[in-house]
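The structure appears right after this line, and notes come after that.
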Amino acid sequence: MLNRRTLLKSATAAALGAAASEARAEAPPSTFDEPTARFEPARAEAEPAGAFARELPRPATLRPTAVAPREAFDDPNTGVQPFGPTDPLPIGDGFHGVAREWAETPAHWAGYGCDPSETDPHACWGQKMRAFGTVPAHDPEAVGGTRVANWGGSRSLLPSDVPDAADVACFPVKCFKIHMEERAIQLPGMPHPTLFHAYGGTIPGPTLRMRLGQPTVVRFQNHLDTETSIHFHGGHNPSHADGFPTFYVLPGKTRDYFYPNILPLLKRKDEEPAAGAEREKTPAGYLPDIGEGQSTCWYHDHGMDCTAYNVAKGLAGFALVFGEHELKLIADRVLPGLGKRSCRDPELNSLGDAASLEDPRKPGFYKPGAEPYHNPYDIPIVIQDRVFDRRTGQIAYDATGHNGYLGDTFLLNGQERPFLRMKNRKHRLRFLNGSNARVYRLRILTEADYHARVHGRGLRAEFAADVEGEDEVEAAPRRRGGYDETAVPFLRIGKDSWLWPNARAAKSVLIAPANRADLVVDFKELTKGLKRGDRAVFYLVNTMPQRDGRGPKLPLDDPGDPRVLPLPFDAVDPGDGEPRPVKVAELDRPIGLMKIIVEGPPARRDATVADGTELNPREPIRDDEVEAVREFIFERGKGAWMISGRFYDPTISNACPTHDTAEEWVLRNGGGGWWHPIHIHLESHQLVSYMKDFDADEVVDPRDPPAAPVLSNLVEVLDQMPEGDQVGLHDTQVLGPNTVARIRMRFRTWSGPFVFHCHNLEHEDMRMMFNFEPVPRPDPDASPDDRRRQANIAPDARTHGVDMTWQPDPAVERVGELEWEYPPVPATPARDAAEHQIPPRPRDGKRDPAG
């Protein structure tokens, strides 16, 4: 039934359309009469001509510009140039500097056994190597010791009081350089090359392959006409390198992003070791938190107010992290790979020189097969949707639309609807939802099932039993429902940046923007009888209906009805007799994303991972560890997006957790039928409760802003989630309509500002974002109640960038981050934005009271 608002809209649109038609009859059409391109749902849900004709690209892996011990970067006699012979500037000497942790010891690390008064960078580095401890080596012969330093560098910097220091492998520092530039790339079917914003000239950006325990510095240089800020999504990194929205890389400038690649520390309250730990405590009583070892991360733009546009234009790439725990799973052939051959780094294991490693067709990149941790059975795939102007070949983006950008063209690793050839064995597929606002439900179908659903051909007898005659069978409608009966089974082994504690069987996976889904598919079990020269075909499909930025939604009779799907997962019936929706609806006709061609006989030797295989034990946060509880409401108001009634302000701290404590946050969806994938920087989180008000789904309010329903009939549905989601780690938590999630996090290692926000990027840019800043509260005599009271005082001590930056030469006048307030009118049109920078942090640590 149409409501009054919809009728008014329709009448207004009709009147405007009639007026426009009359105007066009009197004058020739203008360039601005209509948009050059717009989102077309029918195009998104149809199989385009030429689909599955081109092979899936594998993102190229970037080679380091330098690999050397930490002390070599400060000694001019070594001749080490961290960013190559064409860039003589030392680390930190670029315009935006480097994180202070590169050369200094933060004051709050005194609790880790460090001396913050130490000023020598090498001595500071040695303290960190001691404080952050070691982890068992997966292969002592390969790495040169039975243990690996959690903070690498060189053995000469390792303090002498570290037990058995000679048996500790200390990985040298790796440096990379990435240009951000506009690059014209010719896409199939486009009349002109498409202008992308590209990292390193490629779409997606270069893959970074990193080792836990090996510090890395990446110099990003901005050749674009817009400011950028690079976020290492899922990483545990200093504030300076985390991608705070106003910690820019300004046009024409550089920033050195320091990624220590460490396991955060876990303080033990008893004498039992943490899960997965096999070593002594550090002198301060901490252990590396093995369960926090990242795996599938990514990097993307995070600039203030321009994230959505910059990501839509192409600024995204994979960052794969390999820790000792995961490498052992690969070496032992639990996870797909080449065994120990997939656990080697050519620079660490002396596997070749630059000439043999570098791709002659792509200077600066590894030759395919020579990259670190080479694994032909581990395939990262980013899925992105875009709108292209078919007349110009350019990406169309509406900068005035703030609901969420949806595309009708699907790109996988930059290629529209490609195909992938695979051997007949287990493969690991790491999917990343790199879209701005689209939610995907991924399934894998056999060729017969796919064509039956999409084209109405090849219907099996059981689906055509009620159709009489061959003509009727051929004309039968596409199959409806029943995906779980026909979809291909697989294992899910991880979500977001982390492996799950155990592998879990599944037949579909739902990923919201920024989510990652780590899957293992056993094709040999699906292709029994396949012989040499034979092949079997499968299709990766999306079955999630979504036609606007509000979220997944089935077509309804009333176009003003904002109701969407009930939960971001399939829930089981609670069994209390209430008529509640328990099944996530799916498209009758799946959207084909990629064709998978499996060839040859089954592999003789394959990975052993199976349903229930132990992968990544972790240490849950106990009730008695929680020192503060905070609630945040994600809502719409005043024409934009808000958290708890406020727009984003980069100058304040909205939460100030105490260092080395845990908190519980309540994330509440403010209503209106919107989906909000909430991403929290710095730390992983565990889910402890997920509640849903099913009755509120029946309240239909299409107004803008929508009225927030009172969630008074909340039902706990956590135990109805897939088990992996219940016990695994997350960095992006989806809030479905009328839901409340309770999560727990530890706050460790770094100070300075971080953010959390909705990862519907248009929502983020329109101010659905808050700051949090872990701060030290060193009073050892404070009572637990006092500590909790202090943690709930906001704003609290704030650094906001001045204290985050280090530059190597105190004699050179440098600048810090952008000022918080700008003059309403620049002094001259050509004034450099860099002039609006705050002063650097003084070397003595004191600030000018006047400034």
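Under our numbering, the sequence shown has 736 at position 733, and the numbering climbs by one with no breaks.
Just so you know, even glycine gets a beta-carbon here, dropped at the ideal spot from N, CA and C.
In this text, all values refer to a predicted model and were calculated from it rather than measured experimentally.
Beta-carbon spacing of residue i, residue j below 7 Å
i    : j    : result
T752 : P124 : no
R535 : G485 : no
L338 : V612 : yes
V2   : A515 : A query on residue 2 cannot be resolved here, the shown segment of the chain reaching from 4 to 854 and no further.
G437 : V385 : yes
T249 : M307 : yes
D388 : R441 : yes
H182 : H234 : no
W105 : F261 : yes
S511 : R446 : yes
G294 : N545 : no
A71  : V83  : yes
V138 : E327 : yes
N439 : A643 : no
T231 : N225 : yes
L590 : P548 : yes
N763 : G407 : yes
In DSSP terms, what residue i is bridged to
i    : result
H766 : H766 is not bridged to any residue.
A69  : C178
L253 : None, per the DSSP bridge assignment.
A319 : H303
N672 : F637
K365 : In the DSSP output, where bridge partners are listed per residue, K365 has none listed.
A744 : L670 and Y693
I293 : I293 is not bridged to any residue.
Y443 : I514
D170 : D170 is not bridged to any residue.
H243 : DSSP output for H243 lists no bridge partner at all.
T81  : In the DSSP output, where bridge partners are listed per residue, T81 has none listed.
G497 : L502 and D521
H226 : According to DSSP, which records beta bridges pairwise, H226 is partnered with nothing at all.
E686 : Answer by DSSP bridge pairing: none, since E686 is not bridged.
R431 : D381 and V523
Identity of the residue in the options nearest residue i by Cα
i    : options                   : result
H760 : E361, S647, D789 and P811 : S647
R780 : C659, R749, N716 and Q736 : C659
A75  : G114, V523, W128 and T611 : W128
A665 : T231, A169 and V778       : V778
K236 : G255, N264 and L253       : Sequence inspection shows His at residue 236; the Lys mentioned does not correspond to that position. Cα-wise, what sits closest to H236 is N264.
R433 : D521, R507 and S511       : D521
P93  : C178, F135 and D142       : C178
I188 : W809, K180, I206 and V176 : I206
N716 : V702, Y202 and K556       : V702
V713 : Q793, V730, F572 and R671 : R671
D722 : D698, R607, M694 and A699 : M694
P162 : P62, A785, D392 and A126  : A126
M807 : H762, S353 and G755       : G755
W154 : R133, K426 and T449       : R133
P787 : T661, N240 and L211       : T661
Unbroken beta strand (DSSP E) run spanning residue i, endpoints
i    : result
N505 : W501 to A509
D209 : First, the residue type needs correcting, since residue 209 is Pro and not Asp in the sequence shown. P209 -> beta strand (DSSP E) spans G208 to R214.
V1   : Absent from the model: residue 1. The displayed extent of the chain is 4 to 854, so no value can be given.
I333 : No beta strand (DSSP E) contains I333, which is instead part of the alpha helix (DSSP H) from E327 to A334.
G595 : I594 to E602
P139 : T137 to P139
P44  : Note, P44: premise wrong, no beta strand (DSSP E); alpha helix (DSSP H) at P44 to E48.
Q736 : T735 to L738
R150 : R150 to A152
Presumed contact (8 Å Cβ cut-off) between residue i and residue j, rounded CB distance
i    : j    : result
S687 : D734 : 6 Å
R158 : C173 : 5 Å
Q397 : L198 : 6 Å
L448 : A490 : 6 Å
Range covered by the alpha helix (DSSP H) that runs through residue i
i    : result
V314 : T310 to A315
Y486 : Y486 to T489
S425 : Position check: residue 425 holds Met in this sequence, whereas Ser was assumed. Careful: M425 lies outside any alpha helix (DSSP H), inside the beta strand (DSSP E) at F422 to K426.
M772 : That residue, M772, is in no alpha helix (DSSP H); its beta strand (DSSP E) goes M772 to F775.
Q130 : P124 to A134
K270 : It is not in any alpha helix (DSSP H) - K270 instead sits in the beta strand (DSSP E) that spans L268 to K270.
Any C-beta of chain D under 7 Å from that of residue i
i    : result
H454 : Annotation note: the requested chain D is absent from the structure, which comprises a single protein chain.
Check: residue i C-beta below 6 Å from any heavy atom of the ligand ATP
i    : result
G147 : Within the structure as shown, the ligand ATP is missing, as the structure has no ligands at all.
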